[in-house]
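Visitor:
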Amino acid sequence: MATEKVIGIDLGTTNSCVAIVEDGTPSVIPNRGGYKTTPSMVAIAENGKRLVGHIAKRQAITNAENTVYAAKRLIGRKWGSAAVRSSLEIMPYRIVEGPHDDVRIMLRDQVFSVPEVSAYILQEMKLISEEYLGEEVTKAVVTVPAYFNDGQRQATKDAGRIAGLDVIRIINEPTAAALAYGFGRNVERKVAVYDLGGGTFDISILEIGNGVFEVISTAGDTFLGGEDFDRRIIDWLVFGFEKQHGIDLRKDKMALQRLKDVAEKAKCELSSVKETEINLPFIISTGRNEALHLQTMLSRDKLEELTSDLVERTIEICARTLEEAEIAKNQIEDVILVGGMTRMPRVQQICAEFFGLEPSKGVHPDEVVALGAAIQGAALTDEKSDILLLDVTPHSLGIMIVGGYFHKLIEQNTTVPTSESHVFTTVKDNQTSVKILVLQGESDRAEENELLGEFVLTGLRRAQRGEVEVEVQFHISADGIVSVKAKDLETGLEQSITVTATSGLTEDEIKKMIDQNKDYMVDVRAGQEFEKARHQAEKSLEEIESLFPQVTDIIAGSDFGQDAVKKARAVVERTRQAIAAKDLTSLSDATEALNRTLNMFRGVVSKTRG
Ligand code: AMP
-18 MATEKVIGID
-8 LGTTNSCVAI
2 VEDGTPSVIP
12 NRGGYKTTPS
22 MVAIAENGKR
32 LVGHIAKRQA
42 ITNAENTVYA
52 AKRLIGRKWG
62 SAAVRSSLEI
72 MPYRIVEGPH
82 DDVRIMLRDQ
92 VFSVPEVSAY
102 ILQEMKLISE
112 EYLGEEVTKA
122 VVTVPAYFND
132 GQRQATKDAG
142 RIAGLDVIRI
152 INEPTAAALA
162 YGFGRNVERK
172 VAVYDLGGGT
182 FDISILEIGN
192 GVFEVISTAG
202 DTFLGGEDFD
212 RRIIDWLVFG
222 FEKQHGIDLR
232 KDKMALQRLK
242 DVAEKAKCEL
252 SSVKETEINL
262 PFIISTGRNE
272 ALHLQTMLSR
282 DKLEELTSDL
292 VERTIEICAR
302 TLEEAEIAKN
312 QIEDVILVGG
322 MTRMPRVQQI
332 CAEFFGLEPS
342 KGVHPDEVVA
352 LGAAIQGAAL
362 TDEKSDILLL
372 DVTPHSLGIM
382 IVGGYFHKLI
392 EQNTTVPTSE
402 SHVFTTVKDN
412 QTSVKILVLQ
422 GESDRAEENE
432 LLGEFVLTGL
442 RRAQRGEVEV
452 EVQFHISADG
462 IVSVKAKDLE
472 TGLEQSITVT
482 ATSGLTEDEI
492 KKMIDQNKDY
502 MVDVRAGQEF
512 EKARHQAEKS
522 LEEIESLFPQ
532 VTDIIAGSDF
542 GQDAVKKARA
552 VVERTRQAIA
562 AKDLTSLSDA
572 TEALNRTLNM
582 FRGVVSKTRG
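The working numbering numbers the first residue of the sequence shown as -18 and each following residue consecutively.
#1: Please report the distance separating the alpha-carbon of T589 from that of D534.
#2: Suppose only complete runs of 4+ residues qualify. What are the alpha helix (DSSP H) ranges in the segment -12 to 60, listed by chain order?
#3: Return the bridge partner residues of A173 from the DSSP annotation.
#4: Could you check the C-alpha separation between S464 and T396 for me, to the nearest Å?
#5: Please find out if some non-hydrogen atom of the ligand AMP comes closer than 6 Å to the beta-carbon of T(-6).
#6: If we count Cβ pairs, one from each stretch, closer than 8 Å, do we get three or more for the segment 515 to 533 versus the segment 549 to 565?
#7: Taking C-alpha atoms, which residue in V118, A173, A359 and D229 lies nearest to C299?
#8: Can we count R212 as close to the ligand AMP, meaning its CB is less than 6 Å from some heavy atom?
#9: Check whether chain D comes within 7 Å of I495, counting only Cβ atoms and requiring the distance to be less than that.
#10: Does DSSP put I265 in a helix, a strand or coil?
#11: How do the segment -18 to -7 and the segment 78 to 98 stand: do at least 3 beta-carbon pairs fall below 8 Å, yes or no?
#12: Can you say whether Q276 is buried or exposed, counting buried as having 16 or more other CB atoms within 10 angstroms of its CB?
#13: Rounded to a whole number of angstroms, what is the C-alpha to C-alpha distance between E46 and P73?
#14: Terminal residues of the continuous beta strand (DSSP E) containing A467?
#15: Helix, strand or coil, according to DSSP, for K234 in the structure here?
#16: Out of D131, V292, T288 and F210, state which residue places its alpha-carbon closest to the alpha-carbon of I462.
#17: Pop quiz: A236 and I214 are said to be a contact at Cβ under 8 Å. What is the actual Cβ separation, rounded to whole angstroms?
#18: Report yes if the C-beta of M322 is less than 6 Å from at least one heavy atom of the ligand AMP; otherwise report no.
#19: Where does G385 land, buried or exposed, given buried means 16+ other C-beta within 10 angstroms?
#20: CB of K248 to nearest heavy atom of the ligand AMP: below 6 Å?
#21: Going by C-alpha to C-alpha distance, which of F387, L32 and Y175 sits closest to Y162?
#22: So, with DSSP's three-state summary, where would you put Y386?
#23: Count Cβ pairs between the segment 314 to 324 and the segment 346 to 365 that sit closer than 8 Å; are there 3 or more?
#24: Taking only runs that begin and end inside the segment 89 to 122, name each unbroken alpha helix (DSSP H) of 4 or more residues, in chain order.
#25: For S68, report the span of its alpha helix (DSSP H) as first-last.
#26: Does the ligand AMP have even one heavy atom less than 6 Å from the beta-carbon of S21?
#27: Buried or exposed: where does A507 fall if 16 or more other Cβ atoms within 10 Å of its Cβ makes it buried?
#28: Quick check: what's the CA-CA separation for A140 versus N580?
#29: If I'm right that T(-5) touches G201 with Cβ under 8 Å, what's the distance once you round it to whole angstroms?
#30: In the DSSP assignment, find the beta strand (DSSP E) that holds E592 and state where it starts and stops.
#31: Is it true that the segment 540 to 553 meets the segment 571 to 580, where meeting means three or more beta-carbon pairs spaced less than 8 Å apart?
#32: Which runs of the alpha helix (DSSP H) fall wholly inside the segment 136 to 175 and span at least 4 residues, in chain order?
#33: Check the DSSP bridge columns for R555 and list the partner residues they point to.
#34: May I have the straight-line CA-CA distance separating T124 from E195, to the nearest angstrom?
#35: Under the criterion of a Cβ to heavy atom distance below 6 Å, does E245 qualify as lining the ligand AMP?
And the structure:
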């Protein structure tokens, strides 16, 4: 039996990409429009229809409040976090508080969780691959920024489930890029993967050799990416406009969306030209109903000045990760650039300066991550595969101990999967329970780290403090997902959790969303079938219309002929009505009759010719 195909999905902040390995060769699957990447955008149209990808992007300006972009910045985040606070200020769509200290998005009158929005994008990628492969796809490897914490990984996995995908592995984006870079090449070297995408920055140092891809160190910032560069341009434009006209454009959602569009476009253009014109006619009207326009020039130098601290920040993170890995800069033999933002000349230049070598040109920054995910997917299902991926955990893990301190059980940059345990004792006399607070982060103070979850172990024997021993065991899976167990060493009593608290969704909620989405998929598939049938019917209609004049000339002389032409007209009309009614069953019936008539017409014409 053929093994089931596994797709690789790069679920990006700005764009997403899907790839597959066929006959040992990885390739990106283009979408219906022929594009290799699809905007990570979801919208709800006025008629309540869900729009995903390019169609969502095309209507973003006129339907800004109901169009979600950069949802990846919110996934797995807590309501009160800095990331959410800053998104509240800048996103044209409504972000509201969820029931589990999580974030929800309000589009029209419906509330969506962030994993749901991401699920719609994953589902689109699933559909793109199904159309290409002509079969259902249920398994995927999905990539996340290396610096995603446990909550963000869990939430991404949940998104996969909602989309009807079994996410067999979550892998880190830079690691995926290195896999694609090293695949099929017999290289043995230390490489740095510098990944600057739409919303996040990651740097990973890897050692590649004999099919083994070992991550030595990884670091990053999940809140540093192309969106921040765009925002600098927006701020500059808004500031200039306010100075000139005394009007704050941020207050107008449509203006804000147009500014965002134009800022990103200008940024991309400035990667190939030195200066570009920004032109937004009728950006806003004044109180006196007079329209104002925004028109200005932006140079590459100005853009570099506006964003120099952002670029510098990436280099500071690179320096830190090299230091942690105890690797000198000159030991790095190749630098792989990943993510759309690495097209910016200043980014390429600063990387070349810092690492002292020209970045590798062999990989496509937009496609390499999805390709790597597909390679990993194929390797996981092929027993003969000789690819071994050794990734690391980007954050330390531990629990809170007396005095509010953080006790680390697993250190940052430990290879996963891994398990670690430590025996703690009670701290009070007659203590019968312990509360385990599971934390992720690097600070000695527990409160400064991310709380992943908590649970209580009860039923401890009453004794003097320090007498009862509790063993706490941590496990990190190959996906980077954490589970924790606490065991009373006297009684053998255990409590455990798979840390899911921060994904923001309960199991019941996820199950409900999976069901709702199944119905949606049935609708989409039916829609696709209808489109196929419509396409075929329209081809036949076109041909039959072109034959009508000739056939009428030839056979209309007889009663039989008149009747045949009349019947043919009726069949044509029936087909058109079925198309208008979007009814697949009646369209199939009508097309059958239409094709019979068409054959008869063809016969009449060819006989006369003969
Ligand atoms: P990714 O998340 O890898 O798809 O990266 C998307 C980011 O790259 C977005 O912020 C884009 O605006 C940015 N980007 C794409 N093309 C270019 C370009 N030619 N120059 C500068 N930035 C770009």
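Positions of the beta carbon are idealized from the N, C-alpha and C atoms, including for glycine.
Guide: So, from the data block:
#1: For the purposes of this step, residue 589 is taken as residue 608 along the sequence shown, with counting starting at 1. For the purposes of this step, residue 534 is taken as residue 553 along the sequence shown, with counting starting at 1. Computed Cα separation, rounded: 11 Å.
#2: 35 to 39
#3: As a working note, residue 173 is residue 192 in the sequence shown. Paired residues: I186 and V316.
#4: What you label residue 464 is simply residue 483 of the sequence shown in a count that begins at 1. What you label residue 396 is simply residue 415 of the sequence shown in a count that begins at 1. Cα to Cα, S464 sits roughly 16 Å from T396.
#5: By one-based count along the sequence shown, residue -6 stands at place 13. T(-6) Cβ: within cutoff of the ligand AMP.
#6: yes
#7: Against the sequence shown, residue 299 aligns to sequence position 318. Taking only the C-alpha atoms, the option nearest C299 is A173.
#8: The residue given as residue 212 occupies position 231 in the sequence shown. R212 Cβ: outside cutoff for every heavy atom of the ligand AMP.
#9: No chain D is part of this structure, which consists of one protein chain only.
#10: As a first step, residue 265 is located in the sequence shown; it is residue number 284 there, counting from the start. Residue state, collapsed to three classes: strand.
#11: no
#12: The sequence position of residue 276 within the sequence shown is 295, counting from 1. So Q276 counts as exposed.
#13: Residue 46 sits at position 65 when you count from the first residue of the sequence shown. Residue 73 sits at position 92 when you count from the first residue of the sequence shown. Taking the straight line joining both Cα atoms gives about 5 Å.
#14: As a first step, residue 467 must be located in the sequence shown, where it is residue number 486. Counting along the chain, the beta strand (DSSP E) containing A467 begins and ends at V463 to D469.
#15: Looking up residue 234 in the sequence shown gives position 253. In this structure, K234 counts as helix in the three-state DSSP scheme.
#16: Looking up residue 462 in the sequence shown gives position 481. Closest by alpha carbon: D131.
#17: Sequence index remark: in the sequence shown, residue 236 carries index 255 (1-based). Sequence index remark: in the sequence shown, residue 214 carries index 233 (1-based). Not confirmed; about 14 Å, so no contact.
#18: Against the sequence shown, residue 322 aligns to sequence position 341. Answer for M322: yes, Cβ within range of the ligand AMP.
#19: Sequence index remark: in the sequence shown, residue 385 carries index 404 (1-based). Under this definition G385 is an exposed residue.
#20: Sequence index remark: in the sequence shown, residue 248 carries index 267 (1-based). For the ligand AMP, at least one heavy atom lies less than 6 Å from the Cβ of K248.
#21: Taking the sequence shown and counting its residues from 1, the one referred to as residue 162 is at position 181. That would be Y175, whose Cα lies nearest to the Cα of Y162.
#22: As a first step, residue 386 is located in the sequence shown; it is residue number 405 there, counting from the start. The answer is strand: DSSP assigns Y386 an E or B state.
#23: yes
#24: 95 to 114
#25: As a working mapping, residue 68 is identified with position 87 in the sequence shown. Run containing S68: A63 to I71, per the alpha helix (DSSP H) assignment.
#26: Indexing the sequence shown from 1 puts residue 21 at position 40. Result no, Cβ not under 6 Å from the ligand AMP.
#27: Position 526 of the sequence shown holds residue 507. Burial call: exposed.
#28: Sequence index remark: in the sequence shown, residue 140 carries index 159 (1-based). Sequence index remark: in the sequence shown, residue 580 carries index 599 (1-based). Going from the Cα of A140 to the Cα of N580 covers about 49 Å.
#29: Your numbering for residue -5 matches position 14 in the sequence shown. Your numbering for residue 201 matches position 220 in the sequence shown. About 17 Å separates the two Cβ atoms, so there is no contact after all.
#30: Residue 592 cannot be examined here, being either before or after the span of the chain that is shown, -18 to 591.
#31: yes
#32: 154 to 163
#33: Here the question's residue 555 lines up with position 574 in the sequence shown. BP columns for R555 are empty, so no partner.
#34: Numbered from 1 along the sequence shown, position 143 holds the residue referred to as residue 124. Numbered from 1 along the sequence shown, position 214 holds the residue referred to as residue 195. Roughly 17 Å separates the two Cα atoms.
#35: Taking the sequence shown and counting its residues from 1, one reaches residue 245 at position 264. Within the cutoff, so yes.
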